[in-house]
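Report on one structure; see the data block that follows.
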Amino acid sequence: MSAPVLKYQGALSALTPDALRRLLDRSAGEADAQVATRVRALIARVRAEGDRALFDFARQFDRVELEALEVPRSKWDVALESLSSDVRDALIRAARNIARAHAAQRPTAMEVETEPGVVVGRRPDPLGHVGVYAPGGRAVYPSSVLMGVVPAKVAGVGEIIVCSPPGPDGLPSAGVLAAAALAGADRVFALGGAGAVAALAYGTQSVPRVDRIVGPGNAYVAAAKLQVVDAVAIDAPAGPSEILVVADASARPDAVARELLAQAEHDPDACCVALVLGASLAQAVKDEVERQARSARRGDIVLSALGSRGAVLRIDALEEAWPFVADFAPEHLLLATATASEDVARVRNAGTVFVGQRASVAFGDYLTGANHVLPTAGLARAYSGLSVLDFYRWTTWQRVTPEAAAAMADDVGTLADSEGLFAHADAARAWRLP
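Laid out in structure tokens, this is it:
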């Protein structure tokens, strides 16, 4: 008898408290601490040595001797021309949809009169400089370049800089360069890992300092982003990919299994869970997962992910699913239910929700126009996916007429006195009408 493919199976209600805790906790624990220590040293070197450290990191980690950190525009153009027409057309279509979806999210300025003569306003201002990180390790994702650069362009960011690790030729992948050209990036650097994050956060002789860093990356990138928040804003901290599927009798077992495998192939640490209504369907889904996993083209990665963090769990009523969804707070949530359009209202805490089994996560990863840069490891409890809103800061203002100043003066003075801020009280009372 072959070994089981899935780490967890059976009834959700039968999980021991320890098993449930381990399923919900997707942190790397001690490994995270070790990575954080290494990253701290790498960041310190970039701050102290600038470009010299970055060239050294390329030799040490990427095994390449760089002639320059910045990639000339001519190399982007060559990469774009080298794309097959079908890939190029698909990227153009994706960029168009991303632009449409994010343009609809643009915020607008507002003013409100809180009382007669007192007006409070707020205005969205595009960021001046943004860094977009594009992975280049185990897999290369031109689509992630689009997800970072296109919304920044829609927002009107002044300068958009892409960083991605160099390959043996000293350049980021052709796909990344082509996507940067299509999306409208301003500059590209052949930089990866914690060094790229540090360079963007603090600046070097060649790399300009930015206002925000966005984009997915490995554990070193994620740790570095968390360590530079004293100098730069970041998007949601992100780790290995994850999916939670809620399925009822309307769902096809093979389709549910395909969704789990699609996320499992990203990373050996990916977390792939299905809550399935009824014993017979749960068994069918489990059988499909095992069958498909054993013939998957990225089989080693898939089997490792499912064996460490894969689950097909039976529920006896859909009502069992929603508390688990809220606690798990998945990056991707697929509602493969007959009532998916109604069930989405029950969802709390998900990076993005796919409504109905035909709304494959793969569509959202590439072409719907929604952003695929999403919070993981339960951080959807507090963070949202990347959006056009991430590329603005807000300027607020207040206007006060002479009559309104006189009307507020005494109450402000009273409150300031009560807090022991007597100069505040004097400043307010000075505007009382004679």
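Using numbering that gives the first Met the number 0, read the sequence shown as starting at 0 and increasing by one per residue.
Quick reminder that beta carbons are idealized off the backbone N, C-alpha and C, glycines included.
In this structure, L243 keeps its C-beta atom at 7 Å or more from the C-beta atom of P374.
Closest by C-alpha distance to A422, out of A408, P433, L432, is A408. Closest option to R39, judged by alpha-carbon separation, among T395, Q226, G277: Q226. With contacts defined by Cβ atoms closer than 7 Å, L68 and A180 do not form a contacting pair. Per DSSP, A2 lies in no alpha helix (DSSP H) segment and is marked neither H nor E. Taking the Cα of A261 as reference, the smallest distance to any Cα among R296, D210, R122 is reached at R296. In the structure shown, the three-state DSSP call for L332 is strand. Just so you know, the alpha carbons of G120 and Q397 end up roughly 6 Å apart.
Residues of the same chain with a CB within less than 7 Å of the CB of A405, apart from the 5 flanking positions on each side, are W430, R431, L432 in chain order.
Cβ contact annotation for V352 (same chain, cutoff 7 Å, sequence separation greater than five): L332, L334, V343, V346, in chain order. Per the DSSP secondary-structure output, A193 pairs with nothing in a beta bridge. A direct Cα-Cα distance of roughly 40 Å separates A93 from A18. Counting along the chain, the unbroken alpha helix (DSSP H) around Y219 starts and ends at 218-226. When DSSP reads this structure, E110 sits in a beta bridge with G120.
By the neighbour-count criterion, in which 16 or more other beta carbons inside 10 Å mark a residue as buried, S340 falls on the exposed side.
The beta carbons of S294 and D266 sit no closer together than 7 Å.
Put simply, the region 90-107 does not touch the region 199-212. Fewer than three CB pairs are less than 8 Å apart. In the DSSP assignment, S163 falls within the beta strand (DSSP E) that extends over 158-163.
Under a 10 Å Cβ-count criterion, M146 is classified as buried, with 16 or more other Cβ atoms of the shown protein chains found around its own Cβ. Under the Cβ criterion (8 Å, minimum of three pairs), the region 247-261 counts as touching the region 275-292.
A10 places its beta carbon 7 Å or farther from that of R308. Contact fails between the region 203-220 and the region 360-369, because fewer than three Cβ pairs, one in each stretch, are under 8 Å apart.
Comparing alpha-carbon positions, the option among D416, S249, G214 lying closest to G384 turns out to be G214.
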